[in-house]
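Data block below; observations after.
Numbering (full-length UniProt numbering), first residue to last: 1 to 120.
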């Protein structure tokens, strides 16, 4: 899995493959390890924490933990983006002397006379 891929999509694909392999009667510990090593390198600390336990979690428990971890990372990323956006100073428009442009300005009396004269 790449970092840009959605964790929910990855887990759904993984469990679809597990369903296809059920006939082979693969041990749950092996499936847990396969899932752990199918996630991106950015989850290495997560993987090490799970592997260092005395007992590997069930596949369902690992699925839940991975989704929680992915959501926590997404929320952390979004909150840091919001914090950065709020703390970034905005550039002010230094061109204060310019007048706003009007779409259809009212012509002056002289411009109206010139237009009438030219159209005759």
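Beta carbons: idealized from backbone N, C-alpha and C, even for Gly.
Bear in mind the structure is a predicted one, so any value in this text is a computation, not a measurement.
The criterion of a C-beta distance shorter than 9 Å is not satisfied by residue 6 and residue 72.
Counted as a single uninterrupted DSSP element, the alpha helix (DSSP H) harbouring residue 81 occupies residues 59-87. By the criterion of at least three beta-carbon pairs nearer than 8 Å, the stretch 74-90 is not in contact with the stretch 54-62.
The beta carbons of residue 36 and residue 53 sit about 11 Å from each other, so the pair does not count as a contact at 8 Å.
In this structure, the straight-line span from the alpha carbon of residue 84 to that of residue 32 is close to 37 Å. Under the criterion of beta carbons closer than 8 Å, residue 11 and residue 76 do not qualify as touching, at roughly 20 Å. Between the alpha carbons of residue 45 and residue 38 lies a gap of roughly 14 Å. In this structure, residue 66 lies near residue 43, with their beta-carbon atoms less than 9 Å apart.
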